[in-house]
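Asks: Pasting in a structure now, in structure tokens, and then I'll have a few things to ask.
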Amino acid sequence: MINIVLFGKPGAGKGTQAEFLKGKYNLTHLSTGDIFRFNIKNETELGKLAKTYMDNGDLVPDEVTIKMLQSEVDKNQDSAGFLFDGFPRTIAQAQALDAFLATKNEKITATIALEADDEILVARLLERGKTSGRVDDQDEEKIRNRYQEYNEKTAPLMEYYTGQNKFYPVNGIGSIADITERLSTVIETL
Ligand code: AMP
Numbered sequence: 001m002i003n004i005v006l007f008g009k010p011g012a013g014k015g016t017q018a019e020f021l022k023g024k025y026n027l028t029h030l031s032t033g034d035i036f037r038f039n040i041k042n043e044t045e046l047g048k049l050a051k052t053y054m055d056n057g058d059l060v061p062d063e064v065t066i067k068m069l070q071s072e073v074d075k076n077q078d079s080a081g082f083l084f085d086g087f088p089r090t091i092a093q094a095q096a097l098d099a100f101l102a103t104k105n106e107k108i109t110a111t112i113a114l115e116a117d118d119e120i121l122v123a124r125l126l127e128r129g130k131t132s133g134r135v136d137d138q139d140e141e142k143i144r145n146r147y148q149e150y151n152e153k154t155a156p157l158m159e160y161y162t163g164q165n166k167f168y169p170v171n172g173i174g175s176i177a178d179i180t181e182r183l184s185t186v187i188e189t190l
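For the sequence shown, the positions run 1 to 190 when full-length UniProt numbering is used.
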């Protein structure tokens, strides 16, 4: 099995790249943001719980997010591997993921980070907000809050995965095809 964490700040292009990589490498794409949005749209209990956090650009509490992720992995028992997009976002989530995969004799193969400057990404998200319908993409203050959440809670994961010799930074600026190529180069050396 190959299990990849696609890492990066909001707007770095994780979702876009995941769409290409999942087909190319036959991976199950799990985007926690997409799963939360699906639950909000369908007005489930989980959706109701996540909505206020998401609308404000805050992270949804670990306990809820970890449980949801584990249940999605369990729904895809026959998968050849996973592409985690937007998860883990905290050290607690990363530790829970490692422990959970270990119970299945599996592990994270690599964490690949799409790198780009904040200012480019904020502008990208505001542009996306014009068409995405996402409340959290439309207000600069909420976007800034998402970056603050990233800096405080998610950025420490770079050290976490570097310590496991699994962290691969990739330049996230360029054409979609060029970036897919850069990511593929990393995946093919794993
Ligand atoms: P995304 O689509 O990945 O940008 O996620 C949108 C929002 O969903 C985030 O701002 C959080 O509110 C929530 N979310 C997604 N993934 C996670 C996660 N792993 N932990 C906590 N909150 C998350």
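Beta carbons are placed, not taken as given, at the ideal position from N, Cα and C, and that holds for glycine.
What separation, rounded to the nearest whole angstrom, lies between the Cα atoms of THR52 and ILE91?
Replies: Those two C-alpha atoms are separated by around 22 angstroms.
Asks: Span of the alpha helix (DSSP H) holding ASN145?
Replies: Its alpha helix (DSSP H) spans residues 140-149.
Asks: To the nearest whole angstrom, what separates the beta carbons of THR185 and PHE20, a pair I think is in contact under 8 angstroms?
Replies: With 8 angstroms as the limit, THR185 and PHE20 do not qualify as a contact, their Cβ atoms being about 14 angstroms apart.
Asks: Measuring from the CB of ASP118, is there a heavy atom of the ligand AMP at a distance below 7 angstroms?
Replies: Checking the Cβ of ASP118 against the ligand AMP gives no.
Asks: ASP137 and ARG144 look like a contact to me (Cβ under 8 angstroms); what is the Cβ gap, rounded to whole Å?
Replies: That belief does not hold up - the Cβ atoms of ASP137 and ARG144 are roughly 12 angstroms apart, past 8 angstroms.
Asks: Just tell me which of GLU140, ALA110, VAL135 and GLU106 has its CA closest to the CA of LEU121.
Replies: The shortest Cα separation from LEU121 among GLU140, ALA110, VAL135 and GLU106 belongs to GLU140.
Asks: What are the boundary residues of the alpha helix (DSSP H) that ASN56 is part of?
Replies: Unbroken alpha helix (DSSP H) run through ASN56: 45-56.
Asks: THR16 lies in the alpha helix (DSSP H); which residues open and close that run?
Replies: Here the alpha helix (DSSP H) through THR16 covers 14-25.
Asks: Where ASN56 and ARG134 are concerned, what is the direct C-alpha to C-alpha distance, given to the nearest angstrom?
Replies: Going by the C-alpha atoms only, they are around 11 angstroms apart.
Asks: Shortest alpha-carbon distance to residue 192 belongs to which of MET54, GLU106 and GLU159?
Replies: An answer regarding residue 192 cannot be provided, because it is not within the stretch 1 to 190 covered by the chain.
Asks: Let me make sure I understand the geometry here. Which of ASP98, LEU27, GLY172 and GLU63 has the alpha-carbon closest to that of ASP117?
Replies: Closest by alpha carbon: GLY172.
Asks: Are there three or more Cβ pairs, one per stretch, closer than 8 angstroms when the segment 81-88 is compared with the segment 23-32?
Replies: Because the criterion of three Cβ pairs below 8 angstroms is met, the segment 81-88 and the segment 23-32 touch.
Asks: Based on Cα-Cα distance, which residue from LEU126, GLY163, LYS48 and PHE87 lies nearest to TYR150?
Replies: Residue PHE87 is the option with its Cα nearest to TYR150.
Asks: Given a threshold of 16 other Cβ atoms within 10 Å of its Cβ, counted over all protein chains shown, does LYS142 qualify as buried or as exposed?
Replies: LYS142 comes out buried.
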